[in-house]
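Trainee: Protein chains in written order, with the numbering used here: chain R, 541 to 1070; chain D, 75 to 425. Glycine included, each C-beta is placed from N, C-alpha and C at the ideal position. Got a structure for you, written out below as structure tokens; questions coming shortly.
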Amino acid sequence: MRVVLEMRNISKSFYGNQVLKNVNLTLHEGEVHGLVGENGAGKTTLMNILFGMPVIHSTGGFEGEILIDGERVNIDSPRKAMEYGIGMVHQEFMLIPGFTVTENIKLNREITRENILSKVFGKSLRTLDFPAMREDAKEAIGTIGMSIDELAVVAGLPVAHKQFIEIAREIDKKNLRILVLDEPTAVLSESEAERLLDIVRYLTNKGVSILFISHRLSEVLKVSDRITILRDGAVVDSGPASKFTLSEIAEKMVGRKLENLDLPPRTKELSDEDTIMSIRNLRVYMPGETVKDFSIDIRRGEILGIGGLAGHGKLGVANGIAGMYPAEGEVYLEGKPYKLNDASYALRNGVVYLSEDRRGVGLLLDESVEMNIAATAILAFGEFTRRFLFFTLYDRKKIREHAMEMIRKLDIRCKSPSQIVRRLSGGNQQKVCLARAFTLKPKILFVSEPTRGIDVGAKRLVLDYLIELNRKHGVTIVMTSSELAELRSICDRIAIVAEGRLSAVLPPTASDAEFGLAMAGELQGGTHRG
Amino acid sequence: MEKLKKVLISYAVPIFFSILCVSAVLVAKIPPLFLASEIVRRLSRNTFLVLSLIIPIVAGLGLNFGIVLGAMAAQAALFFVVDWKIKGIPGVLVACLMASAISVVLGWLAGLVLNKAKGREMITSMILGFFANGIYQLIFLFFVGSIIPYRTRQFLLPEGVGLRNMVDLYGTVASALNNAWVVRIGTIRVFILPLLIVGVLCLFITFLFKTKLGQDIRAVGQDMHIAEVAGIDVNKVRVIAIVISTVLAAIGQVIYLQDIGTVNTYNSHEQIGLFSIAALLVGGATTRKATIWNAIIGVLLFHTLFVVAPSAGNRLFGQPQVGEFFREFLAYAVIAFALAMHGWRTKRILM
């Protein structure tokens, strides 16, 4: 078979963080090539490189070479990519909401006519030929077997239609040879996904080569001719689809060695009867991390992990409970009804939340270390203050004493308690967040992505401190993280969220394949307890 | 019911100003013919300037406070046309050509700066206006008559360097366009030529949005990222939008000043930026959406209020100054309101 596209030794770093390492990929004419991997494995980055996306070239480009039909090409903008016949359906919709379906399908490829002004001032003043554009759009929509009004404005259409319009737009490109589909079925129902796969087959019959990215592994297996598995920015395996089984792929995707942490014993064993918080049918409207239906009982004194792929709602759970985003559902704290959508209520009742957005929400970047540690306690409980006549004043001495203690305990590397937090490294900033959380004397501590963007040594310290909080001070911890290995190293059990719903609750000892399948929402037998 | 509520909310500003205008007219007891003739004149005088704001809004750049750059270019051109004693319509034409040439350069520079300040275009264009004002003052206070030759002594300060506060256009280009073709309807004098020019501009804007360039401008205005991914040169489109706007503002200012008859050397441009933007907003435009009708209705309402406010103030409080104050206050209030709405909406989109 003829090789259409070859990507050789592709490497890419974002701000010193390497996300792709010597990735090789070949694409044959008329084949479907499945690309699978966890979030952050580098699939989307690899495709963005192929499509010349601005995000790649505004962050210093990439290493390696791309060959089309055996010839080296330089793709530095989406326009170039399109000239080479590469089309891409992006994970997030690339449709202009206020435009009609026709205008979107023909975006920047409008059919135009001469007029007097365009003869004088050049091509850009040519008039749009709407009837002709409409015909083309109709034809493209017809090809994919949809009945969408080509004059409807995109903003009001259901997501599935938007997805198909994106595909119609690519089909309308007459020179299309390579089509990248990045999670095309994520927003589709089963029957719609089926139709999409039909379109994929139709296109390959016409000789178009397709790169198919999906986390629905069964789908990838069904439609692909060959499969490449990425993990941590490197290719772990590649070969014909018939070579793999579902669980093999899942295992290779996740496959990390367990990091053995010796967990200290508990003074009191966990019990299913003693729940500290029970969550029933939680829905959280957090853009990009919507939770559709999440229920779980959190046992007093446990460390519960929440895992799952990005965009599936794992971050939404903690944000909803803490009152950061609008939430609905029934939640009970120690048997009493718990008020949602009220951040200060949460704080007053001992529910403390450390945001994944450390620099945006978690810290006052231009305030000192000591103020960051004490600020929330001052606001919520009036701690570290004293009365003087009619004024409430900060008790600087108490703040300093407390800060010094926390700095020593957590080994926060700073010049002094009055140094501003912006100057600290990521790991030390996270430690400041933890110190602040501890100051609030939490009953339940929700931490999201506590080790994101910090180095290995500091990671260890942060995890150790979480364990200490849990074992010594009896704080119940709910940790949300994209790093499965980290969850498995300290959690008592791990809840996996897929497509906004609880997909499974697994013990940390469950196999890689089980975790992989749970993340794809395909683990049969659902929620067993750990 | 829901629908009515929606309509009322989206047209809240024009409805509010209509009520205000009608009540002010009733209070002021201004002779209707006088009011009509004033409004017709102001339509022909101001609409062009207000229309110049539309394209940047559609391109997603918000309110282009940078039209003062165009206005300055127009004034600069007029000073020299007056000095060279080019009279009548040829004078207006020369002024328009010179002003357009300067505006292309200024608009291009402004566009480059605004591309560096994506998301903060409005405040940036406003500050650019202030900055350009400084250079403008430097040129016309210190360079004219010293470095730049200027023959008409009567417009220069007594030392012979720098322009006076007022530059008179009478005897040169004042009313050149107005007087070219006047139709009388009763006592109302209608200046056909400026109105025709406004009509041509309306046609041009309508035409523009039916072309490839217009489609690109709309796409960029709706979502820069998607437009870029679709292969549109976003930065170029934005620069073009600003250049067109600045050139139109320059021509608009020439039309405006030939009607007024005198140039308030150091103030005219400042005022025109403020009042044009206020008028457009009064007509129901927002920082993200504007049409030709917004501009025309805006000029109608805003300037009705301008005409009647002093008399209304006089009737109500026995002082015309109150009305004067009131209209200035309203102009700022409506801009502040629009910007607050802009902030509120952007925040809602982000949530």
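Using a C-beta to C-beta distance shorter than 8 Å, which residues of chain D count as neighbours of serine 664 of chain R?
Mentor: Thr285, Lys286, Leu287, Asp290
Trainee: On a CA-only basis, which of R:Asn1010, R:Met547, R:Leu545, R:Val901 is nearest arginine 806 of chain R? Give me that one, please.
Mentor: R:Asn1010
Trainee: Measure the C-alpha to C-alpha separation of phenylalanine 214 of chain D and arginine 312 of chain D and round it to an integer number of angstroms.
Mentor: 30 Å
Trainee: Going by the beta-carbon positions, is the gap between alanine 781 of chain R and aspartate 765 of chain R smaller than 8 Å?
Mentor: yes
Trainee: Round the Cβ separation of leucine 803 of chain R and isoleucine 1007 of chain R to the nearest angstrom and send it over; I've been treating them as touching at under 8 Å.
Mentor: Taking a contact as a CB-CB distance under 8 Å, the pair leucine 803 of chain R and isoleucine 1007 of chain R counts as one, their CB atoms being some 7 Å apart.
Trainee: Going by DSSP, name the residue or residues bridged to histidine 573 of chain R.
Mentor: Per DSSP, the beta-bridge partners of histidine 573 of chain R are R:Leu751, R:Arg766.
Trainee: Taking contact to mean at least 3 C-beta pairs separated by less than 8 Å, is the region 345-365 of chain D in contact with the region 401-417 of chain D?
Mentor: Cβ pair count under 8 Å is three or more, so yes.
Trainee: Counting only beta-carbon atoms, is glycine 305 of chain D nearer than 8 Å to chain R?
Mentor: Output row for glycine 305 of chain D: interface = yes.
Trainee: Please list, in chain order, all residues of the same chain as threonine 585 of chain R whose beta carbon is under 7 Å from its beta carbon, the five residues on each side excluded.
Mentor: Lys552, Val559, Leu560
Trainee: Can you check which of these residues, R:Glu941, R:Lys583, R:Gly1056, is closest to valine 522 of chain R by C-alpha distance?
Mentor: Residue numbering for chain R in the displayed model covers 541 to 1070; residue 522 of chain R lies beyond these limits and cannot be assessed.
Trainee: Helix, strand or coil: how does DSSP classify alanine 151 of chain D here?
Mentor: helix
Trainee: What does glutamine 959 of chain R pair with, by DSSP beta-bridge criteria?
Mentor: Answer by DSSP bridge pairing: none, since glutamine 959 of chain R is not bridged.
Trainee: Look up serine 97 of chain D in the DSSP assignment and say whether it is helix, strand or coil.
Mentor: Under the three-state reduction of DSSP output, serine 97 of chain D falls in the helix class.
Trainee: Which residue wins for smallest C-alpha separation from glycine 662 of chain R, given the options D:Phe91, D:Arg401, D:Lys286, D:Leu348?
Mentor: D:Lys286
Trainee: Candidates D:Gly219, D:Ile113, D:Thr226, D:Tyr330: which alpha carbon is nearest valine 156 of chain D's?
Mentor: D:Thr226
Trainee: Return the CA-CA distance between aspartate 1099 of chain R and serine 835 of chain R, expressed in angstroms with no decimal places.
Mentor: Because residue 1099 of chain R is not part of the residues shown, which for chain R are 541 to 1070, the question remains open.
Trainee: CB-CB under 7 Å to leucine 635 of chain R, same chain, minus the five flanking residues each way: which ones, in chain order?
Mentor: Asn644, Val694, Lys702, Ile705, Glu706
Trainee: Could you tell me how far apart the beta carbons of valine 641 of chain R and alanine 692 of chain R are, in whole angstroms, since I believe they sit closer than 8 Å?
Mentor: 6 Å
Trainee: Note down the Cα distance separating alanine 883 of chain R from alanine 920 of chain R, rounded to an integer number of angstroms.
Mentor: 10 Å
Trainee: Answer yes or no: does any C-beta atom of chain D fall closer than 8 Å to that of proline 698 of chain R?
Mentor: no
Trainee: Buried or exposed for leucine 94 of chain D, going by 16 or more other Cβ atoms inside 10 Å?
Mentor: Counting other Cβ atoms within 10 Å of its Cβ, leucine 94 of chain D reaches 16 or more and is therefore classed as buried.
Trainee: With a 10 Å radius around its C-beta and 16 neighbouring C-beta atoms as the bar for buried, classify phenylalanine 229 of chain D as buried or exposed.
Mentor: buried
Trainee: Report the option in R:Met911, R:Ile838, R:Val961 whose CA atom is closest to the CA atom of lysine 937 of chain R.
Mentor: R:Met911
Trainee: Expressed to the nearest angstrom, what Euclidean distance is found between the alpha-carbon atoms of valine 544 of chain R and leucine 567 of chain R?
Mentor: 6 Å
Trainee: Distance cutoff 8 Å, beta carbons only. Does isoleucine 300 of chain D sit that close to anything in chain R?
Mentor: yes
Trainee: Suppose only complete runs of 3+ residues qualify. What are the beta strand (DSSP E) ranges in the region 815-871 of chain R, listed by chain order?
Mentor: 815-824, 831-839, 843-848
Trainee: For glutamate 723 of chain R, which three-state DSSP category applies?
Mentor: Reduced to three states, the DSSP call for glutamate 723 of chain R is coil.
Trainee: Over what stretch of residues does the alpha helix (DSSP H) that includes aspartate 1052 of chain R continue unbroken?
Mentor: 1052-1059
Trainee: Measuring only the C-alpha atoms, how far is alanine 145 of chain D from alanine 323 of chain D?
Mentor: Counting only the Cα atoms, alanine 323 of chain D lies some 6 Å from alanine 145 of chain D.
Trainee: Tell me leucine 737 of chain R's beta-bridge partners as DSSP assigns them.
Mentor: DSSP output for leucine 737 of chain R lists no bridge partner at all.
Trainee: Would you say valine 373 of chain D and arginine 115 of chain D are within 8 Å of each other, going by their C-beta atoms?
Mentor: For valine 373 of chain D and arginine 115 of chain D, no; Cβs fall outside 8 Å.
Trainee: Less than 8 Å between the CB atoms is what I'm expecting for leucine 751 of chain R and histidine 573 of chain R, so what's the real figure, rounded?
Mentor: 5 Å
Trainee: If we cut at 8 Å on Cβ distances, does arginine 927 of chain R have a partner in chain D?
Mentor: Chain D, which has no Cβ nearer than 8 Å to the Cβ of arginine 927 of chain R, makes this no.
Trainee: In the structure shown, what three-state DSSP assignment does lysine 804 of chain R receive?
Mentor: It is proline, not lysine, that sits at residue 804 of chain R in the sequence shown. Looking at proline 804 of chain R - three-state DSSP - the assignment turns out to be coil, as it is neither helix nor strand.
Trainee: Alpha helix (DSSP H) containing glutamate 788 of chain R: first to last residue?
Mentor: 786-794
Trainee: Residues in its own chain within less than 7 Å of phenylalanine 400 of chain D by CB, not counting five upstream and five downstream?
Mentor: Ala383, Gly387
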